[in-house]
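Numbering (UniProt numbering), first residue to last: 1 to 291.
What follows is the structure, given as structure tokens:
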């Protein structure tokens, strides 16, 4: 069996073409590298080099050996990264969502259900989420619609299991002296053209409000805490949802008015691969009890 370090030395020699340059790249002395080349020839039992006037060149055998060495080292690197990734996945549950609200609401339940694991969450676009579920980046995803299959990067379809996990109602958060602050509901058309303060990472809600209020300006803030600080001293409109009100509480000096448009109310579905359904049985049972 050829030791890995010898393959690394052979690949370095192929890439750098001279012993001196390869030794420098490997942080070795040239005599040490020369001995490695000799060991390789002993292992193969054939000549790998052409020796001319104190220069060493790979012969045809050596070129083939170096090509295989590159492939073996690459596969070895893949093996290490994939095994380590599998280990991380066995100890980590990564949940991606198309909106922050469901994650905000479900996080305590996630943490208690997977108490002996690390729970990682993030907001991403729908295409990235479905590809990530198929490819193993996410163990579960939360979308605004159910899906039956998702597709891997190489085009293979994987069956999915999904269950409704949450719903969310979008509202406008308005200063008390705003012209619509005391209405029981408003529409997107009522507010189109006004400026809004909005947290930057709102997922699918951001696309919706930009589409429904094309004449409005959206002044983005980084993070919920930053947004709340700015809103506290501003007369501009902002957004809230029934989830953020339950989790974060209402804002002093603000009236929260729900949007009446059908699109302003969303149902969300928690989705995993069908092959993983049994693994997450306890989680889905917890969801079904709270809905």
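Backbone N, C-alpha and C fix where the C-beta goes; we use that ideal spot for every residue, glycine too. Everything numeric in this text was worked out from a predicted model, so none of it was measured.
Under DSSP, the beta strand (DSSP E) around residue 20 begins and ends at which residues?
Indexing the chain shown from 1 puts residue 20 at position 20. Counting along the chain, residue 20 falls outside any beta strand (DSSP E), though it belongs to the alpha helix (DSSP H) covering 19-26.
The alpha helix (DSSP H) spanning residue 188 covers which residue range?
The count along the chain shown starts at 1 and reaches residue 188 at position 188. Where residue 188 is concerned, the enclosing alpha helix (DSSP H) stretches over 188-191.
Between residue 252 and residue 194, what straight-line distance do the alpha-carbon atoms span, to the nearest angstrom?
Translated into positions along the chain shown, residue 252 becomes position 252. Translated into positions along the chain shown, residue 194 becomes position 194. Distance between the alpha carbons of residue 252 and residue 194: 21 Å.
Select from 178, 202 and 157 the residue whose C-alpha is nearest the C-alpha of residue 125.
Indexing the chain shown from 1 puts residue 125 at position 125. It is 202 whose Cα lies nearest to the Cα of residue 125.
Could you say if the region 207-220 and the region 132-142 meet the contact criterion of at least three C-beta pairs nearer than 8 Å?
These segments do not touch.
Taking the C-alpha atoms as reference points, what is the distance between residue 227 and residue 116?
For the purposes of this step, residue 227 is taken as the residue at position 227 of the chain shown. For the purposes of this step, residue 116 is taken as the residue at position 116 of the chain shown. Straight-line Cα distance between these residues: approximately 33 Å.
Buried or exposed, going by whether 16 or more other CB atoms sit within 10 Å of the CB of residue 44?
The sequence position of residue 44 within the chain shown is 44, counting from 1. So residue 44 ends up on the exposed side.
What does DSSP give as the partner residue(s) for residue 267 in the beta ladder?
For the purposes of this step, residue 267 is taken as the residue at position 267 of the chain shown. BP columns for residue 267 point to 167.
What do you get for residue 102, buried or exposed, if any count of 16 or more other CB atoms within 10 angstroms of its CB means buried?
Within the chain shown, the letter at position 102 stands for residue 102. With 16 or more Cβ atoms within 10 Å of its Cβ, residue 102 is classed as buried.
Could you check if residue 247 belongs to the surroundings of the ligand MN, using beta carbon to heavy atom distance under 6 Å?
As presented, the structure is devoid of all ligands, the ligand MN included, so that no description of it is given.
Of the choices 259, 175 and 156, whose alpha-carbon is the least far from that of residue 189?
One-based indexing of the chain shown puts residue 189 at position 189. Checked all of 259, 175 and 156; the closest Cα to residue 189 is 259.
Contact check, residue 329 vs residue 171 under 8 Å by CB: the rounded distance?
Limits of the chain in this structure are 1 at one end and 291 at the other, which puts residue 329 out of reach.
DSSP three-state label for residue 162, please.
In the chain shown, residue 162 corresponds to position 162, counting from 1. The answer is strand: DSSP assigns residue 162 an E or B state.
Taking only runs that begin and end inside the region 31-93, name each unbroken beta strand (DSSP E) of 3 or more residues, in chain order.
Listed in chain order, they are 49-52 and 55-58.
Opposite residue 195 in the DSSP bridges: which residues?
Locating residue 195 in the chain shown gives position 195, where the first residue counts as 1. According to DSSP, which records beta bridges pairwise, residue 195 is partnered with 217.
Do the CB positions of residue 129 and residue 96 come within less than 7 Å of each other?
Taking the chain shown and counting its residues from 1, the one referred to as residue 129 is at position 129. Taking the chain shown and counting its residues from 1, the one referred to as residue 96 is at position 96. Yes, these two residues count as a Cβ contact at 7 Å.
Report all residues from its chain with a CB closer than 8 Å to the CB of residue 149; omit the five preceding and five following residues, and keep chain order.
Indexing the chain shown from 1 puts residue 149 at position 149. Counting only Cβ-Cβ distances below 8 Å, and skipping sequence neighbours, we find 157, 158, 159 and 160.
Terminal residues of the continuous alpha helix (DSSP H) containing residue 180?
Reading the chain shown from its first residue, position 180 is the one you call residue 180. Unbroken run through residue 180: none, as it is neither H nor E.
For residue 6, which of 27, 40 and 83 has the nearest alpha-carbon?
Along the chain shown, read from residue 1 onward, the residue named residue 6 stands at position 6. The candidate whose alpha carbon is nearest that of residue 6 is 40.
So, under 8 Å CB-CB, residue 197 and residue 257 are touching, yes? Tell me the CB distance rounded to an integer number of Å.
The count along the chain shown starts at 1 and reaches residue 197 at position 197. The count along the chain shown starts at 1 and reaches residue 257 at position 257. Not a contact, Cβ separation roughly 16 Å.
Mapping DSSP to helix, strand and coil, what is residue 120?
Within the chain shown, numbered from 1, the residue matching residue 120 stands at position 120. Residue state, collapsed to three classes: strand.
Under a three-way DSSP split, which group does residue 99 fall into?
The residue you call residue 99 lines up with position 99 of the chain shown. Residue 99: coil per DSSP, three-state reduction.
Using C-beta distances below 6 Å, list every residue in its chain close to residue 237, excluding the 5 sequence neighbours before and after it, in chain order.
On the chain shown, position 237 is the one that residue 237 refers to. For residue 237, where only same-chain residues beyond five positions count, the Cβ hits under 6 Å are 172, 174, 194 and 196.
State the start and end residues of the unbroken alpha helix (DSSP H) segment that holds residue 247.
Numbered from 1 along the chain shown, position 247 holds the residue referred to as residue 247. Its alpha helix (DSSP H) spans residues 242-248.
How big is the Cα-Cα spacing for residue 85 and residue 93?
On the chain shown, residue 85 is found 85 positions in, with the first residue counted as 1. On the chain shown, residue 93 is found 93 positions in, with the first residue counted as 1. Going from the Cα of residue 85 to the Cα of residue 93 covers about 12 Å.
Please name the residue, chosen from 50, 27 and 66, that lies closest to residue 2 on a Cα-to-Cα basis.
The residue given as residue 2 occupies position 2 in the chain shown. Per the Cα distances, 66.
Quick check on this structure: which residue in 280, 261, 4 and 263 has the alpha carbon closest to the alpha carbon of residue 292?
One cannot answer for residue 292 here, as it falls past the ends of the chain, which runs 1 to 291.
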